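6 is the number of the first residue of the sequence shown in the working numbering; add one for each residue after it.
Worksheet: one structure, shown below.
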Amino acid sequence: MDGALFYEKSGKDILCLLCPHTCRIAAGETGFCRVRKNENGKLVLPYYGAVSSIALDPVEKKPFCRFYPGKAILSVGGYGCNMRCTWCQNHTISMSVPDNTKGNFYSASYLAELSTNLTDNIGLAYTYNEPLIHYEFIYDTCKAHSRTGLKNALITNGMINKEPLLKLLPFIHAMNIDLKGTETLYEEARGIFRAVKQTIEISSEKCHVEVTCLIIPGLNDEAEFMENISAFLADIDTNIPLHLTKFYPRYKMRDRRAATPDDTARLKDIAAKRLKYVYG
């Protein structure tokens, strides 16, 4: 059970400073993410090194289209999330925590070694759930893996505060950041829109960044929405690739929404007025 970074004590409580939720955590309790715990006045990580999934994937699956296209990357996922998207496409791991008596717990050095021993692998991708809630494990693994000369890629919802983000970015070569929609949609999903936009702005100055938007019929498939997010990204850099991905009925929206139609040409055309690289 390793100690965490980015917190301060507040009486018997702990104030977690990793993400913009800034959870006040009582003794014996966890934060909103359910993986950072107040243990006797210290913020600890009961699930440090817990791995739910590991696979050698094409980089395009992350998705990256302009970061080593055609190559493969070892993809590692954990458990939990600091948002509550009712449409989550990976809810079986993002909305759960591991059983400490079961499952796989890996060290940073093991993952770094495993990555180097794979043929034609360009590096490690931290993905599947929200990796940044396991910040300390990601940080340790990125540092260990950077010494191999291979790449670190982060697939994230972008819900992280500036200080921990800046501490991690020197070890990150690429990020795919999820940009979900409007302020209203973020409120519904218990996220903070301005924090995600800040992550995109900061990260695009430090590493390769691509952005993904899951298109959900009736929630964020309006022309106005696409005009707004493409304008936001273009103001940062018109070279930022934007991926428009397809929603499938999952989790709490299993019976509430239809899948995204195959044809996203209308939205792609809107985004392409400002951005050079739009995929969907």
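Just so you know, even glycine gets a beta-carbon here, dropped at the ideal spot from N, CA and C.
Note that this is a predicted model, so its numbers are computed, not measured.
C-beta atoms of residue i and residue j nearer than 8 Å
{"i": "leucine 50", "j": "arginine 41", "result": "yes"}
{"i": "glycine 46", "j": "lysine 14", "result": "yes"}
{"i": "phenylalanine 11", "j": "glutamate 168", "result": "yes"}
{"i": "alanine 270", "j": "proline 222", "result": "no"}
From the options, residue whose alpha carbon lies closest to that of residue i
{"i": "phenylalanine 182", "options": "Val201, Ala117 and Tyr53", "result": "According to the sequence provided, residue 182 is isoleucine. The question's phenylalanine does not apply to it. Closest option to isoleucine 182, Cα to Cα, is Val201."}
{"i": "asparagine 166", "options": "Asp18, Gly16, Leu23 and Tyr12", "result": "Leu23"}
{"i": "valine 102", "options": "Val64, Tyr111, Tyr53 and Arg71", "result": "Tyr53"}
{"i": "threonine 204", "options": "Asp226, Gly75 and Ala179", "result": "Ala179"}
{"i": "valine 214", "options": "Ile245, Arg261, Glu188 and Leu249", "result": "Ile245"}
{"i": "glutamate 188", "options": "Ser151, Cys212, Pro169 and Leu224", "result": "Leu224"}
{"i": "isoleucine 197", "options": "Ala239, Arg89, Val64 and Ala32", "result": "Arg89"}
{"i": "glycine 83", "options": "Glu34, Ile59 and Arg71", "result": "Ile59"}
{"i": "glycine 154", "options": "Glu118, Pro136 and Phe110", "result": "Glu118"}
{"i": "asparagine 162", "options": "Lys172, Leu171, Ala194 and Tyr144", "result": "Ala194"}
Nonlocal neighbours in the same chain, by C-beta distance under 6 Å from residue i, ignoring five residues either side
{"i": "leucine 247", "result": "Val216, Ala276, Leu280 and Val283"}
{"i": "asparagine 116", "result": "It should be pointed out that residue 116 corresponds to leucine in this sequence rather than to asparagine. Taken in chain order, the residues that qualify are Thr146."}
{"i": "serine 99", "result": "Cys86, Cys93 and Asn134"}
{"i": "lysine 17", "result": "Ala32"}
Straight-line Cα distance separating residue j from residue i
{"i": "serine 80", "j": "proline 68", "result": "12 Å"}
{"i": "valine 56", "j": "threonine 97", "result": "13 Å"}
{"i": "alanine 77", "j": "lysine 156", "result": "11 Å"}
{"i": "asparagine 95", "j": "isoleucine 220", "result": "16 Å"}
{"i": "isoleucine 241", "j": "asparagine 233", "result": "13 Å"}
{"i": "tyrosine 253", "j": "histidine 26", "result": "28 Å"}
{"i": "leucine 184", "j": "serine 235", "result": "11 Å"}
{"i": "asparagine 122", "j": "alanine 31", "result": "43 Å"}
Cβ neighbours of residue i in the same chain (closer than 7 Å, five flanking residues each side left out)
{"i": "lysine 257", "result": "Thr91"}
{"i": "alanine 9", "result": "Arg41, Leu48, Val49, Leu50 and Glu141"}
{"i": "phenylalanine 237", "result": "Lys202"}
{"i": "phenylalanine 176", "result": "Cys147, Lys148, Ser151 and Asn157"}
{"i": "lysine 211", "result": "Leu174"}
Residue i Cβ short of 7 Å to the ligand MG heavy atom set
{"i": "methionine 231", "result": "You won't find the ligand MG in this model; it holds no ligand whatsoever."}
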